[in-house]
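Everything on this sheet refers to the single structure shown next.
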Amino acid sequence: MALIVKNFRLEFPGNLLFEDLCLELPKQVICGIEACVLGGTTSLLKGLAGLIEEVTGEVSINGVSTFGLSERDRSQHIAISYEAGGLISFFNVYQNIILPLDYHNRLDQDISARVHALCEMFALDTQLLSSFPYDLNDVQIRIVNLIRALIVRPSLCLIDEFDGGMHEEMIELAFLGLKEFQKTHATTIIIATSQDVLLGEMDCAYKIEAHKLVEFEF
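The opening residue of the sequence shown carries number 125 in the working numbering; numbering runs sequentially from there.
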């Protein structure tokens with residue numbers, strides 16, 4: 125298995141979110157987790173990435189523990205696409221997308237090819253690459269965040285509120301883009317979404333119940 129989660133526990137003062145949570149996923153799988161208000165999905169994704177100190181248990185991707193990773197090492201294995209924000213206002217879209225590659229030894233020509241290939245996958249107009257975050261609408265920001273997460277070809281990609289603010293056609297286009305990406309990359313993808321229809325298209329789907337993940341029933 126690519127992703128192995130054992131005895132995952134996350135508790136903030138007076139608020140137990142997850143306890144004895146276990147999950148195993150192979151490479152090239154798209155896994156959905158039902159997102160709900162105050163359900164803890166954002167905290168779960170951050171915890172899996174090793175970004176929350178309060179987490180205990182075991183989380184590994186391809187045999188590498190996500191806990192205690194340096195920023196450089198984490199950038200080589202894990203990417204997170206947030207619901208909103210995350211873009212640097214004084215960088216243009218292209219500069220924002222390639223920012224995670226600062227830790228990678230890549231030729232400029234290779235980087236440009238990656239960016240344009242991902243723009244094509246996710247139907248992002250390449251003319252927007254010279255724009256700035258404040259020029260984009262909410263949907264475009266989400267797509268740019270997603271492309272930036274995938275630019276490093278991570279082992280694990282965590283996507284928060286994938287469908288937020290998107291119309292149905294755009295959700296489908298973005299999901300098809302993810303499936304196209306996985307044809308040539310061994311990335312395990314976890315998506316938090318509130319769309320039952322979208323959950324039904326994924327390789328597996330779960331919901332949060334009694335501080336654990338249980339299989340989603342359609």
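Here a beta-carbon is modelled for each residue, glycine too, at the ideal position from N, C-alpha and C.
* Asked: Rounded to whole angstroms, how far is the Cβ of residue 152 from the Cβ of residue 311, which I believe are closer than 8 angstroms?
  -> 7 angstroms
* **Distance between beta carbons of residue 309 and residue 141, contact taken as under 8 angstroms** => Rounded, the Cβ-Cβ distance is 31 angstroms, inconsistent with contact.
* Asked: Taking the alpha carbon of residue 186 as the point to measure from, which residue in 176, 150, 338 and 216 has its own alpha carbon closest?
  -> 150
* Asked: Where does residue 259 sit, in a helix, a strand or coil, going by DSSP?
  -> helix
* Have a look at residue 189 and residue 169 and give me their C-alpha separation to the nearest angstrom. => 15 angstroms
* For residue 174, collect the residues of the same chain with a Cβ closer than 6 angstroms to its Cβ; drop the 5 residues on either side in sequence, then sort them by chain order. => 190, 191 and 193
* To do: Output the distance between the C-alpha atoms of residue 245 and residue 225, rounded to the nearest integer angstrom.
  => 19 angstroms
* With distances taken Cα to Cα, identify the nearest neighbour of residue 289 among 314, 307, 271 and 318. => 318
* Using 8 angstroms as the Cβ pair cut-off and three pairs as the minimum, do the segment 314 to 328 and the segment 257 to 271 touch? -> no
* Under three-state DSSP, which class holds residue 206? -> coil
* **Buried/exposed call for residue 243, threshold 16 Cβ in 10 Å** => buried
* To do: Classify residue 165 as buried or exposed, calling it buried when 16 or more other Cβ atoms lie within 10 Å of its own Cβ.
  => buried
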